[in-house]
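Residue numbers (my numbering): -16 to 275.
Listed below in structure tokens is the structure:
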């Protein structure tokens, strides 16, 4: 697929998101013990499909909707919301840092069995069973933010974006300190095209967890989608400062630097080479731009 990262904001956003999703898709697969090759990952994301200038904008809009959905899915693996559903009950809290519980949430002690059932169903992609378990938990305690967050994750996976957003909104209404839920809500809103609200959510997530490098990276992508290049660069720089081995942030920074007028070629090259050293796949567009 041929993308011109200087042509317009759709191109830039598509490149940023596609590269991020591909990396996190492969990473999540390795962490889950599922063998997914880079070739298969690229095929899944359509990066081998030929795109002409006439069809590029349409393709990128469709492409972004697909990859943002998968980005959200893999984000949940990273944020471990469902791991919390399985283990973060009151009787387990002694081993956790009490100061962090407001940021992650915990399930009520009397829902442990239901929580384990829900997490097992989610792992099997049995969304109906997972939904049923979380709804039963809400019947016992409808004021628990983490239950609402996990139900939102189920609804997203089941394809009900509206319901997922409602659940995430309910979760942060109950406990506004849940940084990961703000991030999840932001990703859903961005997927639905509500970029301004997505930016608000990512900003709130960073307020709650200032050292979350991924939230800074997501905010950079959203900011770039509105053409706010300086803000996007600043957020990527912060992500790299917080997590120097965050390969995709280095890659995204390289893209941003190539879009400067004139492009900062040498600095872009350094970030791109760092990204490659950290395991990010080579990109034909960046390779060509760096040779110009």
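C-beta atoms are modelled at their ideal positions from N, C-alpha and C, and glycine is treated no differently.
For residue i, which residues of its own chain have a beta-carbon under 6 Å away from its beta-carbon, when the five flanking residues on both sides are left out?
i: residue 258; result: 230, 233 and 234
i: residue 196; result: 222, 225, 226 and 229
i: residue 218; result: 199, 202 and 203
i: residue 194; result: 225
i: residue 189; result: 198
What does a CB cutoff of less than 8 Å around residue i pick up in its chain, not counting 5 residues either side in sequence?
i: residue 16; result: Only weak support exists for where residue 16 lies, its pLDDT of 44 falling under 50; the coordinates are left without a value.
i: residue 261; result: 228, 229, 230 and 233
i: residue 121; result: 127, 130, 131 and 134
i: residue 184; result: 165, 166, 168, 169 and 172
i: residue 175; result: 144 and 148
Can you tell me where the alpha helix (DSSP H) with residue i in it begins and where it stops?
i: residue 243; result: Segment: none, residue 243 is in no alpha helix (DSSP H) and carries neither H nor E.
i: residue 267; result: 267 to 274
i: residue 142; result: Segment: none, residue 142 is in no alpha helix (DSSP H) and carries neither H nor E.
i: residue 211; result: Residue 211 -> no alpha helix (DSSP H), and no H or E assigned at all.
i: residue 94; result: Here residue 94 belongs to no alpha helix (DSSP H), and DSSP marks it neither H nor E.
i: residue 116; result: 110 to 123
i: residue 264; result: Looking at the DSSP string, residue 264 is not in any alpha helix (DSSP H), and its letter there is neither H nor E.
i: residue 174; result: 162 to 174
i: residue 229; result: Neither: residue 229 is in no alpha helix (DSSP H) and is coded neither H nor E.
i: residue 191; result: 178 to 191
Exposed or buried, residue i, counting other C-beta atoms within 10 Å across all chains shown (16 or more means buried)?
i: residue 124; result: exposed
i: residue 203; result: buried
i: residue 108; result: exposed
i: residue 191; result: buried
i: residue 272; result: buried
i: residue 216; result: buried
i: residue 139; result: buried
i: residue 270; result: exposed
i: residue 142; result: exposed
i: residue 275; result: exposed
i: residue 267; result: exposed
i: residue 93; result: exposed
i: residue 187; result: buried
i: residue -3; result: Reliability of the predicted coordinates at residue -3 is poor, the pLDDT of 42 falling under 50, and the value obtained from them is presented with this limitation in mind. It is buried - the Cβ of residue -3 has at least 16 other Cβ atoms within 10 Å.
Leaving out the 5 sequence neighbours to the left and right, which residues in its chain are closer than 7 Å to residue i when beta-carbon positions are compared?
i: residue 178; result: 205, 208 and 209
i: residue 247; result: 240
i: residue 113; result: 101, 104, 105 and 137
i: residue 152; result: 168
i: residue 252; result: 273
i: residue 97; result: 116, 119 and 120
i: residue 237; result: 251, 254, 255, 258 and 269
i: residue 214; result: 206
i: residue 154; result: 128, 131, 132, 135, 161 and 164
What is the C-beta distance between residue i and residue j, in whole angstroms, given that I count them as a contact (C-beta under 8 Å)?
i: residue 134; j: residue 90; result: Actually they are not in contact, since the Cβ atoms of residue 134 and residue 90 sit about 12 Å apart, beyond 8 Å.
i: residue 132; j: residue 164; result: 5 Å
i: residue 242; j: residue 212; result: 7 Å
If we define contact as Cβ-Cβ less than 8 Å, is residue i a contact residue for chain C?
i: residue 94; result: Judged by its chain identifiers, the structure shown contains no chain C, having just a single protein chain.
Taking contact to mean 3 or more Cβ pairs, one atom from each stretch, closer than 8 Å, check whether the region 158 to 165 and the region 140 to 149 are in contact. no
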